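FYI, my numbering numbers position 115 of the sequence shown as 115, with every residue one higher than the one before it. Ideal placement from N, C-alpha and C gives every residue a C-beta, glycine not left out. Computed from a predicted model, the values in this text were never measured in an experiment. The structure under discussion appears below in the form of structure tokens.
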Amino acid sequence: MTDKSPFLEFVDLQAQRARIGAEIDAAIGRVLAHGRFIMGPEVVELEEALCSYTGARRCITCSSGTDALLMVLLAWGIGPGDAVFVPTFTFAATAEVVALLGATPIFVDVDDSFNLDADRLEESLQDGWQQVTPKAIIAVDLFGIPAKWMRLREIAGKHRLHLIADAAQSLGAVMPEGRVGVLADATTTSFFPSKPLGCYGDGGAILTNNSSLAETLRSLRVHGQGSSKFDNVRIGLNGRLDTLQAAILLEKLKIFDDELNKRRSVANRYDSLLPGGVLLPAVREGVHPSWAQYTIRVMGRDRVKRALEDRGIPTAIYYAKPLHLQPAYRNYPRVSEELINSTQFASEVLSLPMHPYLSERDQDMVIAAVSDAVERE
Ligand SMILES: *Cc1c(COP(=O)(O)O)cnc(C)c1O
Numbered sequence: 001m002t003d004k005s006p007f008l009e010f011v012d013l014q015a016q017r018a019r020i021g022a023e024i025d026a027a028i029g030r031v032l033a034h035g036r037f038i039m040g041p042e043v044v045e046l047e048e049a050l051c052s053y054t055g056a057r058r059c060i061t062c063s064s065g066t067d068a069l070l071m072v073l074l075a076w077g078i079g080p081g082d083a084v085f086v087p088t089f090t091f092a093a094t095a096e097v098v099a100l101l102g103a104t105p106i107f108v109d110v111d112d113s114f115n116l117d118a119d120r121l122e123e124s125l126q127d128g129w130q131q132v133t134p135k136a137i138i139a140v141d142l143f144g145i146p147a148k149w150m151r152l153r154e155i156a157g158k159h160r161l162h163l164i165a166d167a168a169q170s171l172g173a174v175m176p177e178g179r180v181g182v183l184a185d186a187t188t189t190s191f192f193p194s195k196p197l198g199c200y201g202d203g204g205a206i207l208t209n210n211s212s213l214a215e216t217l218r219s220l221r222v223h224g225q226g227s228s229k230f231d232n233v234r235i236g237l238n239g240r241l242d243t244l245q246a247a248i249l250l251e252k253l254k255i256f257d258d259e260l261n262k263r264r265s266v267a268n269r270y271d272s273l274l275p276g277g278v279l280l281p282a283v284r285e286g287v288h289p290s291w292a293q294y295t296i297r298v299m300g301r302d303r304v305k306r307a308l309e310d311r312g313i314p315t316a317i318y319y320a321k322p323l324h325l326q327p328a329y330r331n332y333p334r335v336s337e338e339l340i341n342s343t344q345f346a347s348e349v350l351s352l353p354m355h356p357y358l359s360e361r362d363q364d365m366v367i368a369a370v371s372d373a374v375e376r377e
């Protein structure tokens, strides 16, 4: 957000409130009336709704997208001596959970879809690793564009690795192979307010077809609880989703597909009208992203960003620095010395305003501003 009070929003949550604010307020009112703020009926209802929405057999809601990742790694017993492959071009949470457990994140470059480069991963697995034992892969559907899940499943199967989909940005995305939620051993997502399906605070969920994993996750979510509340069979955490957030999400889920279609119309228009001087997001045939972000690559990115700001158009840079160059992560291993694409993309990416309620007039303004800026480049 710029301080020049933009007349169009990067992510417009108020427009959604104008549409379903009354329904959400009523849902909140029902929770206030029944008073079951922790693990109330809306939590179970939301878990069932997310199973039928995604096709996954089990859904475990939780406190955030970060805790969702953490709980899956805990369930699999990942710890010191274990290695987990993660893309370097992602939000810190993807690698953070691995390091928090004392395991080793190994950074992998991304391909031009901004997602984990399966070829680089496969090469490094063939070379083998000393000192650490590869246990899992966390691939991200960055900006809502699904990674190459069939390929990743093949690699994970061949090398006996667990596969996690970090779908914090991609809930609702569809590929010919299926919806996000059924493509990995466990899929995690986030309900942070600005994600495609966001609540009014923090929240997350895990989707899986594995019922024994689901049972372990349900136990981890409440301090490693066993058959009774005072029975602790494993070390867990307080990882629950608030009933209030579940009630809000149930209302938002009703219009989610309509909102995704609106995001896709914006993306289609950007795709066809943005000028030749920018690189558009690369999406494989038959794939329908959730368009959490619409991110272009452009030369002279900082200047283009400023030119848009001067016209009151807010943009964002996801991500200005890949994780393997961040102070907290630079001493962890990588599959090769240089992670070339990620380092280059960090200097080129620019995310344009994207939300379901972005009018054609506003889209045209963004497109014109990018065209003018690129022409002057
Ligand atoms: C937002 C995000 C997360 C973390 O989700 P929180 O709910 O904020 O904890 C993890 N991974 C990616 C790729 C994200 O975008």
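Residue i versus residue j: straight-line alpha-carbon distance, rounded
i	j	result
P289	P176	12 Å
S265	L273	12 Å
S5	P146	With a pLDDT of 46 at S5, under the threshold of 50, the predicted position of this residue should be treated as unreliable, though the coordinate-derived value follows. So the two alpha carbons sit approximately 34 Å from each other.
L350	R234	44 Å
T315	I164	30 Å
F107	T188	19 Å
A186	E122	20 Å
Q293	I20	22 Å
D12	L358	8 Å
T2	I24	Note on T2: pLDDT 43, under 50, position unreliable in the model; no value is reported.
K148	V110	11 Å
R151	E47	29 Å
W291	R284	14 Å
M365	L250	34 Å
V383	M354	Lying outside 1 to 377, the shown extent of the chain, residue 383 is not represented and no answer is given.
L197	R269	22 Å
V84	L325	18 Å
R179	A373	37 Å
K229	A246	22 Å
A346	G204	27 Å
R120	V335	7 Å
Y329	G276	36 Å
A15	P333	44 Å
L217	M71	6 Å
A22	E337	54 Å
M39	L352	38 Å
Residue from the options with nearest C-alpha to residue i
i	options	result
H223	K229, G236, L244, V140	G236
L241	C62, A83, V287	C62
L392	R263, G286, V298	What is shown of the chain runs 1 to 377, which leaves residue 392 out entirely.
K195	I24, R19, D231, D141	D141
A168	G144, F37, E122, W149	G144
L183	A205, N209, D202	N209
A282	A246, Q363, E375, I296	I296
R382	L116, T133, G312	One cannot answer for residue 382 here, as it falls past the ends of the chain, which runs 1 to 377.
G81	V366, G239, A103, R179	A103
R57	Y270, A214, D67, D127	A214
V90	R269, D166, D302	A quick correction: the sequence has Thr, not Val, at residue 90. Of the listed residues, the one whose Cα sits closest to T90 is D166.
E360	H324, K305, A267, V278	A267
I155	A118, R218, S190, V44	A118
P105	V287, C199, T133	T133
R311	I367, L207, L101, S64	I367
S64	E309, A369, G239, G300	G239
Q126	E96, K135, S113, H159	H159
P41	S52, A22, I28	I28
T94	P327, V370, A139	A139
T378	V44, R36, G79, L100	No answer is possible for residue 378: it lies beyond the span of the chain, which begins at 1 and ends at 377.
L323	F191, V86, V304, L8	V86
N331	I137, E309, T88	T88
G55	A92, L253, G181, W129	G181
L8	Q363, R17, R376, Y318	Q363
V370	A307, P356, N341, A320	A307
Range covered by the beta strand (DSSP E) that runs through residue i
i	result
T343	Where T343 is concerned, there is no enclosing beta strand (DSSP E), although the alpha helix (DSSP H) it sits in stretches over 340–346.
L352	349–352
A83	82–87
E298	Reading off the sequence, residue 298 comes out as Val, not Glu. Neither: V298 is in no beta strand (DSSP E) and is coded neither H nor E.
A378	Past the boundaries of the shown model lies residue 378; the chain is included only from 1 to 377, so the question cannot be answered.
V108	104–108
Limits of the alpha helix (DSSP H) - the one that residue i falls within
i	result
F191	Careful: F191 lies outside any alpha helix (DSSP H) and carries neither H nor E.
I248	243–254
I367	360–376
V98	93–100
S124	118–127
Residue i CB to nearest heavy atom of ligand 2 below 7 Å
i	result
F192	Of the ligands this structure carries, namely ligand 1, none is ligand 2.
**Asked** Which whole runs of the alpha helix (DSSP H) in the segment 195–232 are 4 residues long or more, in chain order?
**Response** 211–221
**Request:** Assess, as a yes-or-no matter, whether the segment 161–172 is touched by the segment 22–40 under the definition of 3 or more beta carbon pairs within less than 8 Å.
**Result:** no
**Request:** Please list the segments of the alpha helix (DSSP H) lying wholly inside the segment 144–172, counting only runs of 4 or more residues, in order along the chain.
**Result:** 149–158
**Request:** Within the segment 3–65, note down every full beta strand (DSSP E) run reaching 3 residues or more, in order along the chain.
**Result:** Here the runs fully enclosed are 58–62.
**Message:** Pairs of beta-carbons, one from the segment 72–80 and one from the segment 257–264, closer than 8 Å: are there three or more?
**Reply:** no
**Asked** Could you give the uninterrupted runs of the beta strand (DSSP E) lying entirely in the segment 263–334, keeping only those of 3 residues or more?
**Response** Counting only runs of 3 or more, we get 294–297.
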